[in-house]
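Residue numbers for the sequence shown follow UniProt numbering, beginning at 1 and rising by one. Taking it in order: structure first as structure tokens, then the write-up.
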Amino acid sequence: MAEALALVKEFLSTVKSATPELKACVDEIQLLNDILLEFEARSLAAYASDAISRAMSFGR
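Written as structure tokens, this is what we have:
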């Protein structure tokens, strides 16, 4: 997924210089992309924390 997001960012940076309206759309898409990355990072952190908690309780 990270590779796909990198490709999207590269594409958006290329398209961004076309028109002011298109630039505004690209800016919004980049913001949504950043939000998705943050959500993905938090989800992975929560999953890891849960897995560690389960592993620790399993050993008891």
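Think of the CB as a built atom: it goes at the ideal place given N, C-alpha and C, for glycine as much as any other residue.
- So the alpha helix (DSSP H) threonine 14 belongs to, where does it begin and stop? Position 14 of the sequence shown, counting from 1, holds the residue named residue 14. Where threonine 14 is concerned, the enclosing alpha helix (DSSP H) stretches over 2-15.
- Can we say the stretch 9-16 touches the stretch 27-35, given the rule of at least three CB pairs closer than 8 angstroms? yes
- Message: Is alanine 48 close to chain C? Criterion is C-beta to C-beta, closer than 7 angstroms.
- Response: Although the question refers to chain C, the structure presented lacks it and comprises just one protein chain.
- By Cβ distance, which residues of its chain are closer than 6 angstroms to aspartate 34, with the 5 residues on each side in sequence left out? Mapped onto the sequence shown, residue 34 falls at position 34. If we look at aspartate 34 and ignore the five residues flanking it on each side, it has no Cβ neighbours.
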